[in-house]
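Have a look at the structure below before the remarks.
Protein chains: 2
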Amino acid sequence: MTTQQLTEQIKKKKSFLCIGLDVDLNKIPKHLLKEEDPIFAFNKAIIDATHHLCVAYKPNTAFYEAYGLKGWKALEKTIMYLNVKHPEQFTIADAKRGDIGNTSTMYAKAFFEDLNFDSVTVAPYMGKDSIEPFLAFEDKHTIMLALTSNQGAFDFQTKKAEDKELYKQVLETSKSWTNSENLMYVVGATKAEYLADIRSIVPDSFLLVPGVGAQGGNLQDVCKYGMNDSIGLLINSSRGIIYASENEYFAEAAAEKARDLQAQMEAILSK
Amino acid sequence: MTTQQLTEQIKKKKSFLCIGLDVDLNKIPKHLLKEEDPIFAFNKAIIDATHHLCVAYKPNTAFYEAYGLKGWKALEKTIMYLNVKHPEQFTIADAKRGDIGNTSTMYAKAFFEDLNFDSVTVAPYMGKDSIEPFLAFEDKHTIMLALTSNQGAFDFQTKKAEDKELYKQVLETSKSWTNSENLMYVVGATKAEYLADIRSIVPDSFLLVPGVGAQGGNLQDVCKYGMNDSIGLLINSSRGIIYASENEYFAEAAAEKARDLQAQMEAILSK
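As given, the protein sequences belong to chains A and B, one line each in that order. If you count the first sequence from 1, position 128 lands on 128 in the working numbering, and the numbers rise without skipping. If you count the second sequence from 1, position 183 lands on 183 in the working numbering, and the numbers rise without skipping.
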């Protein structure tokens, strides 16, 4: 999917919501545990109930790897279901990968070819030759951590490096990399006040914004400082939506939470 | 395994060699492709031929994920084989993970509990609360990227942040984290000249050193500047050992390459 197509989807659905599929077997409704594949059963129900309200789904690979083979199978079934039933959805493998060149190529193949995700999240610490192998894939997107939503972001990301905070160095340096037009960036909603500065460095890139809801980020602030002419934002909510209820109507409850956010987004877009 | 036990193994085997199991189906001997699980068949043969020459094995997860379910299954079989047949080996999941707290906990469970690795590599970009969940596991080790072996290391890691290079900030800051005694660090052999500085910050920690061989790092230099009283080094070689030959005697060829490195290490240890 191209970023133009993503923006079209956002305008059509009046939503720039991304739903994080972070499935924890301790948190899903108990009756699903009887299913052959409880993780996929949960995801399918959530997707069926919410796909008209969002433009992207983001499984975090940690939650699947924690269940070993079963988990990886559930991830495969989830992305296949999305690609077959909802090809209009932008899919994000939230994997935060990054390694030396030939190894990054293997990760890129895993997520872009084997699983056929539209995008993958990566960590910038190892620099240019750890990210360019991802950028080499046509019509695929690489979403690099810039300023994350957690407290630990202040450990290194905001440290001044050569008179500029590390996350700004990361943003600026990455613009010179081959195929950098395939880059998007992670910027936590909990750091909305930094968005104006970030937009001055990467005015056109899409930003994936986690941290609205459970982590306390504010949607209005994010949009005020982060939105561009192509919208340029994907706001992620995971726990706040998918664990809205533990009873048999969990999918409807999730849809209600998604609807709340979509309605707020529609109001912002119509301004 | 404790670091004391690791040092004992090193002294007993006169080797601080770690063998990287980065299995690429395009590079393994063709006759193995007929096997039901070619990746595991390759790993088993390499392990059987080399286990007396090394103290650690390090599968890089990228190479397994690239083959989807089959790959994950091969990884499970490999670590199980190591844990059952060679419990004296220190096992490293080279995964370079790192995420916000609850997600890092899921990764830690995946590698420490589900797969039962002794250690996992992590990326520091997201700071303290992304790493501490790994450190919370008793008798498990978390190996954090400090100064990596690739060219991209100079993009951010060596940038001066508050008058100190980022990788030094990473080393120093991490010492204050809860359970930091469970930390080890990745330092590329291609950056041997930095090792004296690194040792002044983390004198007692084990360093995992990739980049000897294929990437051009020098073993003597690494030992000169990086070794401490408990040895404190694990030198990794992957491609240089496991792809020594493509014919039916590939495992013997790998053992020969491992023997070369082990002999060099024995000479250094006996000085």
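Ideal Cβ placement from N, Cα and C applies to all residues, glycine included.
### Message
Under 6 Å: does the beta carbon of F134/B sit that close to some heavy atom of the ligand PLP?
### Response
The ligand PLP is absent from the structure shown, which contains no ligands of any kind.
### Task
Examine chain B for any beta-carbon lying closer than 7 Å to the beta-carbon of A161/A, and answer yes or no.
yes
### 7 Å Cβ cut-off: residues of chain B touching D129/A
Scanning chain B for C-beta atoms nearer than 7 Å to the C-beta of D129/A yields N150, Q151 and G152, reported in chain order.
### Message
For a quick check, are the C-beta atoms of L75/B and P87/B less than 7 Å apart?
### Response
Judged by their CB atoms, L75/B and P87/B are not nearer to each other than the 7 Å cut-off.
### Task
Count the other CB atoms, across all protein chains shown, that sit within 10 Å of the CB of P203/B; report buried if there are 16 or more and exposed otherwise.
exposed
### Query
So which residues of chain A does A66/B contact, with C-beta pairs closer than 8 Å?
Result: M106, Y107, K109, A110 and D114.
### Message
Quick check: the Cα distance between Q264/A and T190/A, rounded to an integer number of angstroms?
### Response
Whole-angstrom Cα-Cα distance: 18 Å.
### Message
Can you find the residues in the same chain that come closer than 8 Å, C-beta to C-beta, to K13/B, ignoring five residues on each side of it along the sequence?
### Response
H52, L53, C54, V55 and Q262
#### Entry: Within chain B, partners of V170/A - CB distance below 7 Å
F156
### Task
Give the DSSP-derived three-state secondary structure of M227/A in the structure shown.
coil
### Three-way DSSP call (helix, strand, coil) for S119/B in this model
strand
### Option nearest L82/A by Cα separation, candidates D48/A, E113/A, Y107/A and K159/A
Here the closest residue by C-alpha is D48/A.
### Message
Is there a Cβ of chain A sitting closer than 7 Å to that of L145/B, yes or no?
### Response
yes
### Task
State the start and end residues of the unbroken beta strand (DSSP E) segment that holds M184/B.
L183 to V187
### Simplified DSSP assignment, three categories, for T91/A
Residue state, collapsed to three classes: strand.
#### Entry: Contacting positions in the stretch 70-95 of chain A - beta carbon closer than 7 Å to chain B
For the stretch 70-95 of chain A, which is checked against every Cβ of chain B, the residues closer than 7 Å are W72, K73 and E76.
### Task
With DSSP as the reference, label K271/A as helix, strand or coil.
coil
### Query
Excluding the five sequence neighbours on either side, which residues of its own chain have a C-beta within less than 6 Å of the C-beta of H94/A, listed in chain order?
According to the sequence provided, residue 94/A is Asp. The question's His does not apply to it. Result list for D94/A: K58, N60 and T121, in chain order.
### Message
Count Cβ pairs between the stretch 105-123 of chain B and the stretch 60-69 of chain A that sit closer than 8 Å; are there 3 or more?
### Response
Under the Cβ criterion (8 Å, minimum of three pairs), the stretch 105-123 of chain B counts as touching the stretch 60-69 of chain A.
### Task
Return the CA-CA distance between F250/A and S15/A, expressed in angstroms with no decimal places.
21 Å
### Task
Using the Cα positions of M184/A and E162/B, report the straight-line distance between them to the nearest angstrom.
So the two alpha carbons sit approximately 28 Å from each other.
### Outcome for T148/A when other beta-carbon atoms lying within 10 angstroms are tallied against a minimum of 16
Taking a 10 Å sphere around the C-beta of T148/A, we find 16 or more other C-beta atoms and assign the residue as buried.
### Task
Could you name the residues of the same chain whose beta carbon sits closer than 6 Å to that of R97/A, not counting the 5 residues immediately before and after it, in chain order?
Y107 and V122
### Task
Name the two residues that bound the continuous beta strand (DSSP E) containing Y57/B.
A56 to P59
### Query
Taking C-beta to C-beta, are L208/A and V186/A nearer than 7 Å?
yes
### For I235/A, three-class secondary structure by DSSP
strand
#### Entry: Through-space distance from E252/A to R259/A, alpha-carbon basis
Using only the alpha carbons, I get a separation of about 10 Å.
#### Entry: Boundaries (first-last residue) of the alpha helix (DSSP H) holding I79/B
G68 to K85
### Query
How big is the Cα-Cα spacing for T7/A and D229/A?
10 Å
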